[in-house]
Each structure stands twice: as C-alpha cells, then as structure tokens.
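Protein chains in written order, with the working numbering: chain A, 2 to 287; chain B, 2 to 287.
Shown next, in structure tokens, is the structure this report addresses.
Number of protein chains: 2
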Amino acid sequence: MPLPLARCAIHTMTTKPWSLAQAAEAYAHAGVGGITVWRQHLPAGGAAEAGRIVRAAGLGVAAYCRGGFFPAADAGKRQAALDDNRRCIDEAAAVGAPQVVLVCGAVPGMPLAEARAQIRDGLAAVLDHACSAGIRLAIEPLHPLYAADRSAVSTMAQARRIAESFTRELPDPLGRFGAAGRRAVGIACDVYHVWWDDTLAEEITLAGRLGLLHGFHVCDWKAEQASMLNDRGLMGEGCIDVAGIRRQVEAAGFTGYAEVEVFSDRHWARDQQQWLGDIVRAWERV
Amino acid sequence: MPLPLARCAIHTMTTKPWSLAQAAEAYAHAGVGGITVWRQHLPAGGAAEAGRIVRAAGLGVAAYCRGGFFPAADAGKRQAALDDNRRCIDEAAAVGAPQVVLVCGAVPGMPLAEARAQIRDGLAAVLDHACSAGIRLAIEPLHPLYAADRSAVSTMAQARRIAESFTRELPDPLGRFGAAGRRAVGIACDVYHVWWDDTLAEEITLAGRLGLLHGFHVCDWKAEQASMLNDRGLMGEGCIDVAGIRRQVEAAGFTGYAEVEVFSDRHWARDQQQWLGDIVRAWERV
Numbered sequence: 002m003p004l005p006l007a008r009c010a011i012h013t014m015t016t017k018p019w020s021l022a023q024a025a026e027a028y029a030h031a032g033v034g035g036i037t038v039w040r041q042h043l044p045a046g047g048a049a050e051a052g053r054i055v056r057a058a059g060l061g062v063a064a065y066c067r068g069g070f071f072p073a074a075d076a077g078k079r080q081a082a083l084d085d086n087r088r089c090i091d092e093a094a095a096v097g098a099p100q101v102v103l104v105c106g107a108v109p110g111m112p113l114a115e116a117r118a119q120i121r122d123g124l125a126a127v128l129d130h131a132c133s134a135g136i137r138l139a140i141e142p143l144h145p146l147y148a149a150d151r152s153a154v155s156t157m158a159q160a161r162r163i164a165e166s167f168t169r170e171l172p173d174p175l176g177r178f179g180a181a182g183r184r185a186v187g188i189a190c191d192v193y194h195v196w197w198d199d200t201l202a203e204e205i206t207l208a209g210r211l212g213l214l215h216g217f218h219v220c221d222w223k224a225e226q227a228s229m230l231n232d233r234g235l236m237g238e239g240c241i242d243v244a245g246i247r248r249q250v251e252a253a254g255f256t257g258y259a260e261v262e263v264f265s266d267r268h269w270a271r272d273q274q275q276w277l278g279d280i281v282r283a284w285e286r287v
Numbered sequence: 002m003p004l005p006l007a008r009c010a011i012h013t014m015t016t017k018p019w020s021l022a023q024a025a026e027a028y029a030h031a032g033v034g035g036i037t038v039w040r041q042h043l044p045a046g047g048a049a050e051a052g053r054i055v056r057a058a059g060l061g062v063a064a065y066c067r068g069g070f071f072p073a074a075d076a077g078k079r080q081a082a083l084d085d086n087r088r089c090i091d092e093a094a095a096v097g098a099p100q101v102v103l104v105c106g107a108v109p110g111m112p113l114a115e116a117r118a119q120i121r122d123g124l125a126a127v128l129d130h131a132c133s134a135g136i137r138l139a140i141e142p143l144h145p146l147y148a149a150d151r152s153a154v155s156t157m158a159q160a161r162r163i164a165e166s167f168t169r170e171l172p173d174p175l176g177r178f179g180a181a182g183r184r185a186v187g188i189a190c191d192v193y194h195v196w197w198d199d200t201l202a203e204e205i206t207l208a209g210r211l212g213l214l215h216g217f218h219v220c221d222w223k224a225e226q227a228s229m230l231n232d233r234g235l236m237g238e239g240c241i242d243v244a245g246i247r248r249q250v251e252a253a254g255f256t257g258y259a260e261v262e263v264f265s266d267r268h269w270a271r272d273q274q275q276w277l278g279d280i281v282r283a284w285e286r287v
C-alpha cells in the first residue's frame with residue numbers, strides 16, 4: 002500500500018530548473034505534502050522569504066540541504082566550512098526546516114581516517130549552534146562511490162556510530178520532531194546510497210530504536226548510469242527494492258516524510274510539470 | 002619499504018592487449034615473480050598449455066580469474082553457471098593456480114537477498130569439486146558500485162561471513178597455500194573495492210586470523226573516472242593508501258603475492274612494454 006502523498010516531500014533539486022516559488026506551487030497543486038529546500042534554490046529574499054513561500058503553499062518542510070563538507074586541507078578552509086555550516090543552520094531555521102542534511106565531505110588524497118577525524122571535529126564545533134537554533138543535523142552516508150571526494154561516511158553503521166557518539170537532545174516544545182526523535186545528530190537514509198548493504202535492515206532497525214532515523218530519501222539505482230552524479234532513476238526505474246526498504250523504515254518507527262531526491266540530467270531536460278506527474282505516479286505505484 | 006618484485010604478480014588483464022605468452026615473457030623479464038591468468042588469455046592449447054607457458058617463464062601463479070556469477074533468473078542458467086565454475090576450477094588446476102577468484106554475481110532486478118542465497122547455494126554446489134581439485138575459492142567483494150549487476154557481495158565483512166560458513170579445508174601436501182591457509186573458501190581483498198570501508202583494518206585482521214585471506218589485489222581509485230569499469234588507476238595515481246593497506250595485510254600474516262590488477266582503457270591503449278615499466282616503477286615507489 003503506498004503512503005499518502007501527504008507523506009511525500011520533494012527535493013527542489015529533483016526539479017532543478019524550477020525556482021522555489023514554481024516548485025512549491027506545483028508540488029502543492031499536485032497534492033504533495035512537503036518540500037526539502039536546497040540552498041541553490043533560495044530566492045533573492047533569502048531564507049526568510051523561502052519560508053514564506055513554502056508556508057504560503059501549505060507545504061511542510063522535511064529538511065534543508067545541505068551542510069557538511071567539513072574536511073579541508075588547511076585550517077582556514079576548515080574554519081570557513083564551520084562558518085558556512087552555521088549559516089546553513091540559521092537558514093534552515095528561517096526556512097522552517099527541522100534539520101539540515103549533511104554531506105560530510107572528503108578530500109582526494111587526504112587519508113580517510115584524517116577526513117573522518119575532521120568530520121567528527123566539525124560536527125562537535127557546530128553542535129551548539131544547531132542546538133540553539135533547534136535544528137537537527139542529519140548525517141547522510143553517501144555511496145562508497147563518493148568516498149574520495151564527497152563523503153568519508155559511507156554506511157549506515159558508520160553514520161550510526163558517529164551519531165551515537167553525540168548524545169545531545171534538542172528541546173521540542175512544538176513537537177516538531179515526532180517519532181524520529183530529538184537527538185541533535187542523526188541519520189538521513191537515502192536508498193541510493195545504502196541499498197547494496199547487507200546490514201541495511203538491521204541498521205535501519207537499530208537507528209530507529211536509538212532515535213537516530215531523521216530522514217528517508219528515495220530514488221532508484223540504474224544498473225547502467227551515464228554519469229556517476231546525475232543519472233539517478235525515479236523509483237521503479239532501477240533495481241532498488243524501494244517499497245521493501247520503506248517498510249523497514251516504517252517498522253523502525255519512522256513517521257516523517259519520504260523525500261524524493263532524484264538528480265538526473267535526463268529528467269531535468271524534460272518539461273518539469275510532466276516530470277512531476279511521473280514522480281507522483283511512481284510514488285503511487287512504489 | 003617496498004616488497005620485492007618477487008612478491009608481485011600481474012593480472013594478464015592488466016596488459017590486456019598481450020597474449021599470455023607475451024605477458025609471461027615480459028613479466029619474467031622485468032623481474033616480476035608471479036602472474037594471475039585470466040580465462041580470456043588462455044592460449045589455443047588451453048589451460049594445460051597456459052601452465053607450460055607460465056612455468057617455462059619461471060613465474061608463480063597467484064590465481065586464476067575468474068569464476069562466480071552464480072545468480073541467474075532460471076534454473077537452467079544457474080546450472081550452466083555451476084558447470085562453468087567446475088570447468089574454471091579444472092582450468093585453474095591445469096594452469097597451476099592455487100585458487101580461483103570469484104566475482105559472485107548479481108542480476109539487475111533480482112532482490113539482493115535472493116542473489117545472496119543463490120551465491121551461497123552456488124558455492125556449496127561447487128565446493129566438492131574445488132576440494133577434489135585442490136583449488137581454493139577466493140570471494141572477491143566488489144565495490145558497491147557493482148552491486149546491481151556484478152556482485153551482491155560488497156564488503157570484507159560480508160565475504161568473511163560467507164567464507165566463515167564454509168569450514169572445509171583443503172589437503173596441502175606440497176605446502177602451496179602457505180600462511181594464507183587451507184580454508185577452501187576465503188577472500189580476495191582488492192583495494193579498489195574495499196578502500197572506503199571504515200571497518201577495513203579490523204576485517205583484514207580478522208580475515209587473517211581466521212585463515213581466510215587468500216588474495217590481495219592492488220591498483221588505485223581516481224576521484225574522477227571516465228568509466229565505471231575501465232578507468233582504474235595505477236598505484237599512486239589515485240587516493241587509496243595502498244602502502245598502508247598493504248602493511249595491514251602483511252600484519253595479518255599474509256605472505257602471498259600482491260596482485261596488480263588495473264583495468265584501464267587509457268593504459269591498454271599505450272605501448273604495453275612502457276606500461277609494464279610504469280607498473281614496476283609504481284610497485285617500487287608504493
């Protein structure tokens with residue numbers, strides 16, 4: 002049985018050619034319940050205006066994308082990353098998002114152990130700011146394909162071990178965080194990145210039990226991809242058992258949005274209204 | 002300190018344009034100690050002639066590549082895969098290899114759980130044949146990049162759990178297997194496939210302790226790759242800490258060949274004698 006469309010959130014990057022205002026209006030018109038706002042799609046008026054746009058459209062905000070990229074070759078760049086993450090947290094609060102999704106970062110040539118230490122230090126450095134702003138940090142483990150240059154955090158287990166090591170909880174007077182919990186550092190589970198992992202089911206269960214399952218992203222993995230970055234499939238176009246993983250996530254107690262995040266030069270080149278129609282049909286089918 | 006070249010084996014696929022006879026002569030002339038023979042490079046006279054060629058060149062045989070690809074959509078194809086694996090084992094014995102490297106297989110659209118069950122069944126079905134032939138089966142976990150269509154076994158931990166479940170040991174009257182052990186089912190650890198894994202060091206140690214570390218393959222991961230298949234780097238061209246992983250493997254008790262396995266359209270298009278020179282220099286540097 003499909004989830005109701007009210008549980009669907011779409012990443013603005015999924016309809017990259019659209020402005021935030023276009024995207025918000027179209028998603029709401031299609032009956033989609035939520036939106037995940039990417040920084041690239043902030044309007045001229047900034048995050049506060051973005052918040053007004055999505056509220057006016059009646060959309061919930063699943064997350065704000067994206068922070069992270071903590072490791073850097075020198076102290077100046079690391080400090081710049083921290084400053085940028087704090088700005089990102091402030092923007093997330095202004096947009097009305099409960100959390101920032103973190104792509105943790107990696108630097109080609111930097112030993113992974115060093116990158117991981119810098120990621121841990123970076124998280125620790127921005128945690129106070131996130132807690133003050135009431136914004137969760139959701140570590141998104143990225144497919145090992147991206148371990149060299151985008152994320153030295155590659156698996157659910159690895160993200161869980163990092164998230165577990167930060168035990169702070171956020172205040173939640175408005176009950177914004179729901180069943181997913183108030184842990185300040187948690188996990189965003191994206192099927193594209195973790196579907197291959199033979200420990201996925203147990204890690205989803207464990208993340209749910211620990212209150213660390215902060216986000217759930219869906220798309221599909223095509224066996225043949227024209228690009229390692231921007232040729233993801235819509236649910237049903239590839240070989241991920243999206244419905245099965247979704248059931249595991251639900252069984253682990255997750256009640257948030259399932260966020261449709263598809264990077265695809267192919268689909269971005271199409272009429273975005275037709276593409277949105279395909280997304281809604283794929284949602285109802287998968 | 003680099004390992005002596007006597008501990009180096011080169012996969013015939015690394016110098017794909019060369020025949021086995023050309024490769025064997027050139028490797029030996031360069032001072033390389035061993036060779037891993039790919040089925041594609043069997044000469045017209047078959048595996049027995051291949052064995053004569055490598056022995057005449059004075060090369061040791063690290064492994065025979067490759068078996069596996071167990072999962073298939075129907076029983077006929079699964080049976081064909083078993084028959085082919087038995088032939089592969091016989092060829093390995095004729096070539097004089099101690100082991101067959103297994104790329105376990107995956108079928109786009111087949112649930113990974115089903116593919117993994119078929120892999121386990123396939124291993125069980127050919128194990129008697131391997132034991133009779135005195136040939137080890139070395140499961141090569143493949144990068145999760147290939148989980149859809151090449152290997153539903155993606156990590157050292159997963160390969161170790163499978164290998165652990167098969168407890169048979171081979172007779173070894175000639176001491177062919179050395180410190181790596183007589184376990185009939187073990188692991189071939191290729192840095193390209195596993196370098197990103199934050200549990201790699203502990204899994205190498207564990208595999209060594211359990212006697213499951215049957216093979217060690219080296220190349221490099223380039224952050225930018227022109228092809229998901231054939232744009233691997235030579236050691237030093239990418240971002241893998243090959244020397245560090247090699248030390249871990251040595252510390253785990255591995256005394257076999259480090260096998261150079263580089264698939265690269267770019268390097269294959271070059272003069273192969275110059276390419277071999279680069280390989281030897283990279284070996285001595287890394």
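No residue lacks a Cβ here, since even glycine has one placed at the ideal position from N, Cα and C.
In angstroms, rounded to a whole number, what distance separates the CA positions of residue i and residue j?
i: V154 (chain A); j: A125 (chain A); result: 16 Å
i: W276 (chain B); j: H268 (chain B); result: 7 Å
i: A224 (chain A); j: W196 (chain A); result: 13 Å
i: L230 (chain A); j: V55 (chain B); result: 43 Å
i: R286 (chain B); j: Q119 (chain A); result: 28 Å
i: F217 (chain B); j: E92 (chain A); result: 48 Å
i: V108 (chain A); j: L146 (chain A); result: 14 Å
i: T16 (chain B); j: Q273 (chain B); result: 6 Å
i: Y28 (chain A); j: G34 (chain A); result: 8 Å
i: D232 (chain B); j: C220 (chain B); result: 11 Å
i: A189 (chain A); j: N86 (chain B); result: 41 Å
i: A57 (chain B); j: G239 (chain B); result: 35 Å
i: D242 (chain B); j: P3 (chain A); result: 45 Å
i: W39 (chain A); j: G106 (chain A); result: 17 Å
i: D293 (chain B); j: P172 (chain A); result: Residue 293 (chain B) is absent from the model: chain B starts at 2 and stops at 287.
i: M14 (chain A); j: K78 (chain A); result: 26 Å
i: A74 (chain A); j: S152 (chain A); result: 15 Å
i: D129 (chain A); j: G234 (chain A); result: 37 Å
For residue i versus residue j, is the C-beta distance shorter than 8 Å?
i: I280 (chain A); j: V261 (chain A); result: yes
i: A114 (chain B); j: P142 (chain B); result: no
i: Y193 (chain A); j: R8 (chain A); result: no
i: A64 (chain A); j: A131 (chain A); result: no
i: E103 (chain B); j: G47 (chain B); result: The sequence shown places Leu at residue 103 (chain B), rather than the Glu named in the question. Against a cut-off of 8 Å, the Cβ pair of G47 (chain B) and L103 (chain B) comes out as no contact.
i: M236 (chain A); j: D198 (chain A); result: no
i: A164 (chain B); j: G187 (chain B); result: yes
i: L6 (chain B); j: W284 (chain B); result: yes
i: L83 (chain A); j: V127 (chain A); result: yes
i: T256 (chain B); j: A208 (chain B); result: no
i: C89 (chain B); j: H12 (chain B); result: no
i: G212 (chain A); j: G182 (chain A); result: yes
i: G32 (chain A); j: V62 (chain A); result: no
i: D167 (chain A); j: P99 (chain A); result: Note that residue 167 (chain A) is Phe in the sequence shown, not Asp. It is not a contact, given that the beta carbons lie outside the stated cut-off.
i: W19 (chain A); j: A149 (chain B); result: no
Does the CB of residue i have a neighbour CB from chain A at under 8 Å?
i: G110 (chain B); result: yes
i: Q249 (chain B); result: no
i: L113 (chain B); result: yes
i: Q274 (chain B); result: no
At 8 Å on the CB atoms, spell out the chain B contacts of residue i, in chain order.
i: H144 (chain A); result: P145, L146
i: M229 (chain A); result: Q226, M229
At 7 Å on the CB atoms, spell out the chain A contacts of residue i, in chain order.
i: W222 (chain B); result: A149
So which residues on chain E does residue i lean against when the C-beta distance must stay under 8 Å?
i: L213 (chain B); result: The chain labelled as chain E is not found among the protein chains of the depicted structure, namely A and B.
For a contact meaning CB atoms closer than 9 Å, what does residue i contact in chain B?
i: S155 (chain A); result: P145, W197, D198, D199
What does residue i touch in chain A if you count any residue whose Cβ is under 8 Å from its own?
i: R117 (chain B); result: D199
Cβ of residue i less than 8 Å from any chain B Cβ?
i: D242 (chain A); result: yes
i: Q159 (chain A); result: yes
Could you give the C-beta distance for residue i and residue j, rounded to a whole number, given that I count them as a contact under 8 Å?
i: G135 (chain B); j: F71 (chain B); result: That pair is no contact at about 21 Å.
i: V101 (chain A); j: A139 (chain A); result: 7 Å
i: I205 (chain A); j: A253 (chain A); result: 5 Å
i: I36 (chain A); j: A10 (chain A); result: 6 Å
i: R117 (chain A); j: H215 (chain A); result: So it is not a contact: roughly 20 Å between Cβ atoms.
i: A22 (chain B); j: G52 (chain B); result: So it is not a contact: roughly 12 Å between Cβ atoms.
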